[in-house]
Every structure is written in structure tokens, then in C-alpha cells.
């Protein structure tokens, strides 16, 4: 059984994700095999908030070449987490939203 810290890999810290923090929407890179209910439970456990919805998307790795050899960058799965209206915001992102 995976722990909550195995499911949530890292937050996505981009300009686009900063713009959604005011609406209580956060973006995380999650384990590729995690489903929405596991992601919801992990966010609620780690940050102590109430999650309203979870939207996920998977991005396939890009083909990269270096000389004759070629390979693929790793696949990632992102989770867009929306908190409930009465939930407190996530403290980790507090100073970044300005």
C-alpha cells in the first residue's frame, strides 16, 4: 500500500498554476498509477484541507536524441485539485500567490 507521500510527488510551480491559487486550485505531479480517490485522500491527509474535485491528465514522454542514440523522457501525471469553498487554503502556497 502506498502512503500519501508516495502518491503526491511534487507541486507544479508555474505562472499558470500561480494564477489558479486564488481560486483554490492547485496542481501536483502525482504517481502515474494513482487514481482520483487516492489523490483526493492523499491531499486531504497531507495538507489537512477539504477537496472538492480532482482532474487528472497524463503527458507522454517526448522523443529525445543525442547523436545516434534516442530515448524518451519520462511520462508524468498531473492532478488539478480544487478545494471546497469553506476549506482553508494550503499554507505551502500562501506566499507564492502574490
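Numbering (this note's numbering), first residue to last: -2 to 95.
Backbone N, C-alpha and C define an ideal beta-carbon position, used for all residues, glycine too.
With 16 as the cutoff for other CB atoms within 10 Å, does residue 44 come out buried or exposed? For this step, residue 44 is matched to residue 47 along the chain shown. Residue 44 comes out buried.
Using the Cβ count rule (16 or more neighbours within 10 Å means buried), how would you classify residue 2? Taking the chain shown and counting its residues from 1, one reaches residue 2 at position 5. Exposed.
Check whether the stretch 7 to 26 touches the stretch 57 to 67, counting contact only when three or more Cβ pairs, one atom from each stretch, lie closer than 8 Å. no
Please report the residue range of the alpha helix (DSSP H) in which residue 25 lies. Position 28 of the chain shown, counting from 1, holds the residue named residue 25. Residue 25 -> not in any alpha helix (DSSP H); beta strand (DSSP E) instead, spanning 22 to 27.
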